[in-house]
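J.: Residue numbers (mature numbering (1 follows the signal peptide of the UniProt record, and there is no 0)): -19 to -1, 1 to 430.
Have a look at this one.
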Amino acid sequence: MANLVFLGFLLLFTPIATGEDEDAKPAFVPSDFQVPSVPESTHFFTFFPHESKINQIWFTSTAKKDGVDSEIEKYDGVWEIGLPTEVAIYNDAGLIVRSKARHHAIAAKLNKPFTFDKDSTLVMQYEVKYEEGQECGGGYVKLLNAGSHDDLKAFNDKTPYSIMFGPDKCGTSGKVHLIFRYKNPINGSVHEHHAKQPSNLGTTYWDDHKTHLYTLILKPDGYFQVLVDEREIIRGNILHDVTPPIEPPKEIFDPSEKKPADWDDREEIPDETASKPDDWDENAPKEIVDGTAEKPSDWLEDEPELIPDPSATKPSDWDNELDGEWEPPQIDNPACKGVSGCGPWKQPVIPNPKYKGKWVRPKVKNSAYKGVWTPKLIPNPHYFEPGPFDGIAPIHAIGIELWTMSKDIIFDNVLLCDSEETATEVAKQTYRIRKAEEARLAASQGIFE
């Protein structure tokens, strides 16, 4: 019978062959991949040609993480250059994270270093697609400092970087990182400074299974923009809109000063001249029985509040030896409805008017009070007036170093250049075409997909 119903369902939704079916959707045919064109002067660009392999341009790390258990110290996450699960464009491959719950690290050397100066705009742009969504993990890149390109296989979480940029999510919290590492020229210390995150980012970029384009534009005057899918989500200036601020405070508290031993910062003190009154009873209870209360006339002392359910019956599979003596469940006593109460009556308790609690000395103003002590302010010996990029080291390589609880993360069309126009043109040749083809593929799969 079930087979007949299923056959009838198929016949109902199967078009009748008439020689022509104007409403039938044609089968989806992927478009042909076109190699993107970029200027030769571009600092770095890779579209991961289908025939390319790992450890030709991008090298996996053989390093180990410090301070973690030996079982997870290795960067043993699997990388592959390959096609997406659903092909929208023939031979359009990407760099794919093939494993989950592992540390992953891979890096590539720039065609030429990027040095920050008063005339150079930095543009970092790349695509990320989470094929199975993301439970917890990153999709960000690190722009690595000089020396990092000497041995790309030594890349790890401690490798110095100038900028970290890109998506990261764990649970219901997602962000698009923008972190600058800036060196203090006075003491040589390097600190991370985070751009402020938008409050309404959501988790769409990770959970919709679509390709998204991440773009960072950093201009010579220090202004930056972060765009996702060519739409701005963050903007600011590196000198004003990062946490903590790059510029140190001009003055600091003198670390050599200590509060004098005789400094009294108590504004009030107990009155030592006060004594407990003779009639103060610390043992008086907080509540007492109301001796004036009388039992309501309709109180039923002989009736219990709960009675066995007369409609209940012992289950047929009840075993007294295994389950114990069966007792019906208790229910509210119907006889107690509409009366003041049932069962033994007790006089209620009320607040004790004689209750005073534990006696403590009252407080009076402290005549020796000197105020709240603070050390004096002195000029900050580590203060400097920062320029937008005075403390950011040149970039020599790009690295992806992440932990993820989801696999099949695809990176593609990784670009680092000094021209917004170049980035826009690359997006036209790559992301915009992919977005259109992925939409066409989804439409061809129809409502049942």
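For each residue, glycine too, the CB sits at the ideal point set by N, CA and C.
Computed from a predicted structure; not experimentally measured.
(1) Opposite Gly118 in the DSSP bridges: which residues?
(2) Given this structure, state the Cα-to-Cα distance separating Ser143 from Glu402, to the nearest angstrom.
(3) Could you check where the alpha helix (DSSP H) with Ile414 kicks off and where it finishes?
(4) Note down, in chain order, each residue of its chain lying with its Cβ closer than 8 Å to the Cβ of Ala265, except the 5 sequence neighbours on either side.
(5) Does the count of Cβ pairs from the stretch 56 to 73 and the stretch 353 to 370 closer than 8 Å reach three?
(6) Does the Cβ-Cβ distance between Leu194 and Ala408 come in under 8 Å?
(7) Does the stretch 344 to 362 come into contact with the stretch 67 to 86, if we say contact requires no fewer than three beta-carbon pairs (one atom in each stretch) closer than 8 Å?
(8) Quick one: give me the first and last residue of the beta strand (DSSP E) that Asn218 is part of.
(9) Closest to Phe97 by C-alpha separation, out of Ile312, Ile376, Gln15, Glu173, would be which residue?
(10) Looking at Val207 and Ile219, is the spacing between their C-beta atoms short of 8 Å?
(11) For the beta strand (DSSP E) containing Leu199, list its first residue and its last residue.
(12) Is Met386 buried or exposed, if buried means 16 or more other CB atoms sit within 10 Å of its CB?
(13) In angstroms with no decimal places, state the Cα-to-Cα distance between Lys346 and Tyr204.
(14) Figure out for me which residue from Asp246, Ile35, His190 has the closest Cα to the Cα of Glu112.
(15) May I have the straight-line CA-CA distance separating Pro229 from Arg212, to the nearest angstrom?
(16) So what does DSSP say about Leu133, is it helix, strand or coil?
(17) Can you tell me which of Asp188, Leu91, Ile414, Leu422 puts its alpha carbon nearest to the alpha carbon of Phe14?
(18) If you count every other CB in all the chains shown that lies within 10 Å of the CB of Leu124, and 16 or more means buried, which is it?
T.: Checking against the coordinates, here is how it stands:
(1) Paired residue(s): Lys150, Thr385.
(2) Ser143 and Glu402 have their C-alpha atoms spaced approximately 23 Å apart.
(3) Counting along the chain, Ile414 sits inside the alpha helix (DSSP H) bounded by residues 412 to 426.
(4) Here the set comprises Asn333, Lys335, Tyr336, Lys337.
(5) These segments do not touch.
(6) By the CB criterion at 8 Å, Leu194 and Ala408 fall inside the cutoff.
(7) With contact defined as three or more Cβ pairs closer than 8 Å, the stretch 344 to 362 and the stretch 67 to 86 are not in contact.
(8) First-last of the beta strand (DSSP E) with Asn218: 212 to 218.
(9) Nearest C-alpha to Phe97: Ile376.
(10) For Ile219 and Val207, no; Cβs fall outside 8 Å.
(11) Boundaries of the beta strand (DSSP E) harbouring Leu199: 192 to 199, taken from the DSSP string.
(12) Flag for Met386 reads exposed.
(13) Approximately 54 Å, taken between the alpha carbons.
(14) For Glu112, the nearest C-alpha among the options comes from His190.
(15) Taking the CA atoms as reference points, Pro229 sits about 33 Å from Arg212.
(16) In the three-state scheme derived from DSSP, where H, G and I count as helix and E and B as strand, Leu133 is classed as helix.
(17) The option with the nearest alpha carbon to Phe14 is Ile414.
(18) With 16 or more other Cβ atoms within 10 Å, it is buried.
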